[in-house]
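Using our numbering, read the sequence shown as starting at 92 and increasing by one per residue.
Beta carbons: idealized from backbone N, C-alpha and C, even for Gly.
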Amino acid sequence: MTQAIRLVALAAVLAAAEVLAAAAQSPVPTPQPSIQLPPELARVLTDYETAWRARDVVALARLFAEDGFVMSSNQLPVRGRAAIEKQYTGSGGPLFLRAFAYAADGKTGYILGGFTNRQGGADIGKFTLTLSKGADGRWLIFSDMDNGNRP
């Protein structure tokens, strides 16, 4: 019986070593490089950061189209500025956004990026903003979807 226990223990140790070796060889994903946005799109991100840091839900909601959406992780989507204000009430704090892709064509566009809560820190999450151009020519957020980077 002792021999059988030793063999089972040895098999477990070898299996664990194989798993650890495979994990050590797995490449660590490289973050997407940041890009510079045109000023009219960069304004969307800087205004968002400013409102979020100030915990100003009214200013934050004004960045959205009247019928805009917020689609946060683990929550139902909300639509409209009043619902967005309610969704974001009590939220805010340090926020640093960066873009790694964008496009704009006519009255629609998007920004893809990452976010963190420390200046120069590694991304703790990612986002996609779909945009619509308002009647005044200003870009507004039609939808904001974000999620964290932790597995």
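- Per the coordinates, the alpha-carbon of G239 lies some 31 Å from the alpha-carbon of G197.
- Out of V148, V161 and G225, the CA that lies nearest to the CA of S182 is found in V148.
- Judged by DSSP secondary structure, T219 falls within the beta strand (DSSP E) whose first and last residues are G216 to K224.
- By the neighbour-count criterion, in which 16 or more other beta carbons inside 10 Å mark a residue as buried, L132 falls on the buried side.
- The shortest C-alpha to C-alpha distance from Q178 to any of S164, R189, R209 and Y193 is the one to S164.
- Per DSSP, L167 lies in no alpha helix (DSSP H) segment and is marked neither H nor E.
- In this structure, A152 and R172 form a Cβ contact; the two beta carbons are roughly 4 Å apart against a cut-off of 8 Å.
- In the structure shown, the three-state DSSP call for L128 is coil.
- In the DSSP assignment, R153 falls within the alpha helix (DSSP H) that extends over V148 to R153.
- Less than 8 Å separates the beta-carbon of G159 from that of I232.
- Here the alpha carbon of G225 sits roughly 37 Å from the alpha carbon of P120.
- As the crow flies, the alpha-carbon of M236 is around 14 Å from that of A190.
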